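Residue numbers (my numbering), protein chains in the order written: chain A, 17 to 256; chain B, 17 to 256. Just so you know, even glycine gets a beta-carbon here, dropped at the ideal spot from N, CA and C. Just so we're clear, the structure is a prediction, and the values are computed from it rather than from any experiment.
2 protein chains.
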Amino acid sequence: MGGSLKNEMTREGSKDAATQSAVETAYRRIRHMILTGEMRSGDKLLENQLATTIGVSRTPIREALNRLNAEGLVVLERYRRGIVADFSLEDAIEIFRLRAILEGHAAGRAATRISDTHLDRLQDLERVMEKQFEELGWNEHLEGFDKLNAEFHAVIASAAESPRLEKILASSLELPASIFNRYSEPVEMRTRRTHAQHREILSALKARNPEWAQAAMNAHLFSLLPTASGSLEHEAGNVG
Amino acid sequence: MGGSLKNEMTREGSKDAATQSAVETAYRRIRHMILTGEMRSGDKLLENQLATTIGVSRTPIREALNRLNAEGLVVLERYRRGIVADFSLEDAIEIFRLRAILEGHAAGRAATRISDTHLDRLQDLERVMEKQFEELGWNEHLEGFDKLNAEFHAVIASAAESPRLEKILASSLELPASIFNRYSEPVEMRTRRTHAQHREILSALKARNPEWAQAAMNAHLFSLLPTASGSLEHEAGNVG
DNA sequence: TTCCCAAAATTGGTATACACTTTTTGACGA
DNA sequence: TCGTCAAAAAGTGTATACCAATTTTGGGAA
């Protein structure tokens, strides 16, 4: 495929920015609220309230909620009001296990398929992440990190040239960031290791070595995988 | 519960008879039409027509179509009419590759988790499939086979005790049966081998051997995986 | 034929109404 | 005080009508 990369580093408005459909708007807004922790597990999702808040009618809200329900971020039961899904430790483990399997596979495929343009993009992303980490410290850089990190993984998934795999990774195996902080080891510890692992994945991709790339990605994700018996002595505290 | 009088023209309910919602009805009907080949790639999906055919209003039809679109069985573009998705050889290959990875993983997990009840169920299913094959021949047994085979795989996915894995297998990696016939080797050839493989998977599960189960499931699915250079000399011809 | 354009058809979305179910409320009695 | 239970309120599920945006169709012109 031609390398029509030119991703947008801007907030979210792609230059195209054709009028978003109402369901897209609603879907993104609600999803964002959940993923960022603005809404928390168990919070109620009332169709009428969301409709007035977001500024569309009930119909697209319902479609958006159905989508989020299919993706596992929202729990819908007939005639009951929707609530933000709750993610237990086991849920987090399951998701990371599946991500490790699928993203590992994706990295392996990407190794023999990724374009130089995409490799450069990955390099840039990692460079920016590390720079922000140095400048802002592990506490302040988080906001930007999540976005850049997501793109880093998305670029690799895209380079695997397996559209269904890409879609599954993008829509069925997500976790709210807050859950990440709840179950994983402290942030600064895992951030340093993450950057080293990203560099290794990048090296494997540059070397066009599928097995290495798959193994490196696997190691990366398994190292993030919270364990029931692992080093989780730190308190959850406020997750906001 | 008060006995609510409803206009139920479908006697789909078994004993429980949980009244299906209109979107469930629409979703199942349309999905069934696509998977069985009653509707074929490129066929138009008109909301009004489907609404009158199925006997519900446009609203649940639209939700059903969106769901099927998310699952990849239907292609929706804004303001364009929906059409039944087209599955190329590469699509089929991709789906079988991903199924092999994920169902292999599922079988491995199932080996140490599956109950004796479920093992018995698998045994029964395979027995019935083989009996029907003997009695009806490879041509006539197909209709029943698809259903039983789907349950065989679904039982294993369920026994893996990984809800997201189960959901992905059930909703994101499906193929219309007709495509199966279009791209795979002739039916009678693969049917015989399939039964042998099912027996091996069953043996591995009974032995509670995860590696064996995973490998056997992998082999099963990879053997079904159509190859661009494989033994596909037979003509596609009419796919009806 | 091919191109172009207006008419018809279709989807996306809003608004409203109502049936059905869950959830809340509040009075009642032990 | 505490539970119980039925009525009231709230919320979802579906139907319907309507309009806007866009595609699709069909016919006429070059």
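Identify every residue that forms a DSSP beta bridge with residue i.
i               : result
Gly98 (chain A) : A:Leu61
Val90 (chain B) : B:Val100
I need the boundaries of the alpha helix (DSSP H) containing residue i, first residue and last residue.
i                : result
Thr128 (chain B) : First-last for Thr128 (chain B): undefined, no H or E at that position.
Thr52 (chain B)  : 38-52
Can residue i be considered in contact with the ligand COA, in the sense that its beta carbon sits closer than 7 Å to one or more heavy atoms?
i                : result
Ser178 (chain B) : The ligand COA is not part of the structure shown, which contains no ligands of any sort.
Counting C-beta neighbours from all protein chains within 10 Å, is the total for residue i 16 or more, i.e. buried, or is it exposed?
i                : result
Leu81 (chain A)  : buried
Thr210 (chain A) : buried
Pro202 (chain A) : exposed
Lys60 (chain B)  : exposed
Thr52 (chain B)  : exposed
Ala127 (chain B) : buried
His48 (chain A)  : exposed
Ser219 (chain B) : exposed
Thr133 (chain A) : exposed
Glu93 (chain B)  : exposed
Pro11 (chain A)  : In the structure displayed, chain A extends from 17 to 256; residue 11 (chain A) sits before or after that span and is not available.
Tyr289 (chain B) : There is simply no residue 289 (chain B) to check, as chain B begins at 17 and stops at 256 in what is shown.
Thr41 (chain B)  : buried
Met205 (chain A) : exposed
Leu240 (chain A) : buried
Gln65 (chain B)  : exposed
Gln36 (chain A)  : exposed
Ser178 (chain A) : buried
Ser104 (chain B) : exposed
Glu146 (chain B) : buried
Leu185 (chain A) : buried
List the residues of chain B that residue i touches, going by C-beta distances under 9 Å, in chain order.
i                : result
Ser131 (chain A) : In chain order: nothing, as chain B lies at least about 19 Å away.
Would you mind telling me which residues of chain B sit closer than 8 Å to residue i, beta carbon to beta carbon, in chain order?
i                : result
Leu181 (chain A) : Glu110, Leu114
Gly124 (chain A) : Going along chain B, no residue has its Cβ under 8 Å from Gly124 (chain A), so there is no contact; the nearest lies around 11 Å.
Gly71 (chain A)  : Near Gly71 (chain A) there are no residues of chain B at all, since even the closest Cβ is about 19 Å away, more than 8 Å.
Ala42 (chain A)  : Result: empty, since nearest Cβ-Cβ is about 13 Å, beyond 8 Å.
Arg83 (chain A)  : Asn82, Ala86
Does residue i come out as helix, strand or coil in the three-state DSSP assignment?
i                : result
Glu201 (chain A) : coil
Gln213 (chain B) : helix
Ala235 (chain B) : helix
His157 (chain A) : coil
Asp32 (chain A)  : Note on Asp32 (chain A): pLDDT 39, under 50, position unreliable in the model; the coordinate value appears next. Asp32 (chain A) falls in the coil class under three-state DSSP.
Asn225 (chain B) : coil
Ala193 (chain B) : helix
Ser188 (chain B) : coil
Pro179 (chain A) : helix
Val171 (chain B) : helix
Met55 (chain B)  : coil
Ser219 (chain B) : helix
Val144 (chain A) : helix
Pro242 (chain A) : coil
Gly71 (chain A)  : coil
Thr26 (chain B)  : In this prediction, Thr26 (chain B) has a pLDDT of 33, which is less than 50 and means its spatial position is unreliable; what the coordinates show is noted afterwards. If DSSP states are grouped into helix, strand and coil, Thr26 (chain B) belongs with coil.
Which residues in chain B have a C-beta closer than 7 Å to the C-beta of residue i? List them in chain order.
i                : result
His265 (chain A) : There is no way to answer for residue 265 (chain A), as the model of chain A reaches only from 17 to 256.
Ser178 (chain A) : Glu110
Please list the partners that residue i has in chain A, where partner means a Cβ-to-Cβ separation under 7 Å.
i                : result
Ser104 (chain B) : Ordered by position in chain A, no residue passes the 7 Å Cβ test against Ser104 (chain B), which lies about 11 Å from the chain.
Arg94 (chain B)  : Ser37
Applying a beta-carbon distance threshold of less than 8 Å, which residues of chain A neighbour residue i?
i                : result
Ser188 (chain B) : Arg180, Lys183, Ile184, Ser188
Could you list which residues in chain A have their beta carbon closer than 9 Å to that of residue i, in chain order?
i               : result
Glu79 (chain B) : Arg78, Glu79, Asn82
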